[in-house]
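Accompanying notes for the structure given below.
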Amino acid sequence: MNKIKVIFLPINVLETTLGKFKEYGKKCLEVFAIWVGKEKNIDFIIKDVWIPTQYNTILSYYVPDIDVHKINVELNKKNYSAVAQLHTHPENAFHSCIDDNYSILTLSGSFSIVVPDFGKISIRDGLNKMVVYRLINKKWVLQSKIKVNKLFKIIE
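Taking this note's numbering, the leading residue of the sequence shown gets 526, the next gets one more, and so forth.
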């Protein structure tokens, strides 16, 4: 994951992700998702968004261990990798200490994306309203908007 320089994000995956986030948001619930796909040299092509079984509240979500295991089994079956975990916050987007310490993705170079306002953002904004962190040396490091826009390329 560390060598990835460009991540291709199909617009339909972004639309599906935000649509699901808005569904949960209407109930004032945080929600968690994973973007999965294939790494090819220095590129990563996102193929799908997965919403695992989870328990949700207004301030948190919880994915049971058995469902984390199921994610890994499915990744192996499809020969996919998980490049980013995403979740919503009720208002501002930031990485909380819970986000830092209980991440599902733990591979160096992975991304953690926090979406504000329970996902009630415009598809036209792309990732600009979200905050993006990258796991570097076991720490989640906030990525600049410039870096995010160079890294993530939204495609048809």
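Where is the CB? At the ideal position from N, CA and C, for every residue including glycine.
6 Å CB neighbourhood of Pro-578 in its chain, flanking five on each side removed: Position 53 of the sequence shown holds residue 578. Per the sequence shown, residue 578 should be read as Thr rather than Pro. Asp-592, listed in sequence order.
What distance in whole Å lies between the Cβ atoms of Ile-532 and Ile-559, which are believed to be in contact at a cut-off of 8 Å? For this step, residue 559 is matched to residue 34 along the sequence shown. For this step, residue 532 is matched to residue 7 along the sequence shown. Not confirmed; about 14 Å, so no contact.
Looking at the unbroken beta strand (DSSP E) that takes in Val-632, where does it start and where does it end? Residue mapping note: residue 632 aligns to position 107 of the sequence shown, counting from 1. Correcting the residue type first, residue 632 is Leu in the shown sequence and not Val. Run containing Leu-632: none; DSSP gives neither H nor E here.
Leu-584 versus Lys-563 - alpha carbon distance: As a working note, residue 584 is residue 59 in the sequence shown. As a working note, residue 563 is residue 38 in the sequence shown. So the alpha carbons of these two residues sit roughly 32 Å apart.
C-beta atoms of Lys-654 and Ala-618 nearer than 9 Å: On the sequence shown, residue 654 is found 129 positions in, with the first residue counted as 1. On the sequence shown, residue 618 is found 93 positions in, with the first residue counted as 1. Cβ atoms of Lys-654 and Ala-618: closer than 9 Å.
Distance, Val-673 Cα to Asn-604 Cα: By 1-based counting over the sequence shown, the position of residue 604 is 79. By 1-based counting over the sequence shown, the position of residue 673 is 148. About 26 Å.
Taking just the CA atoms, how far does Cys-553 sit from Asp-624? Position 99 of the sequence shown holds residue 624. Position 28 of the sequence shown holds residue 553. Distance between the alpha carbons of Asp-624 and Cys-553: 19 Å.
Unbroken alpha helix (DSSP H) run spanning Gly-562, endpoints: Position 37 of the sequence shown holds residue 562. Careful: Gly-562 lies outside any alpha helix (DSSP H), inside the beta strand (DSSP E) at 557-565.
Please report the distance separating the alpha-carbon of Asn-601 from that of Cys-622. To locate residue 601, count along the sequence shown from 1; it is residue 76. To locate residue 622, count along the sequence shown from 1; it is residue 97. Spanning the two alpha carbons is a distance of roughly 30 Å.
Starting from Lys-683, trace the alpha helix (DSSP H) both ways and give me its first and last residue. Coverage of the chain is limited to positions 526 through 681, which leaves residue 683 absent and any answer about it impossible.
Cross-strand partners of Phe-677 (DSSP beta bridge): For the purposes of this step, residue 677 is taken as the residue at position 152 of the sequence shown. Looking at the DSSP assignment, Phe-677 forms a beta bridge with Ile-532.
In three-state DSSP terms, what is Val-574? Within the sequence shown, the letter at position 49 stands for residue 574. If DSSP states are grouped into helix, strand and coil, Val-574 belongs with the strands.
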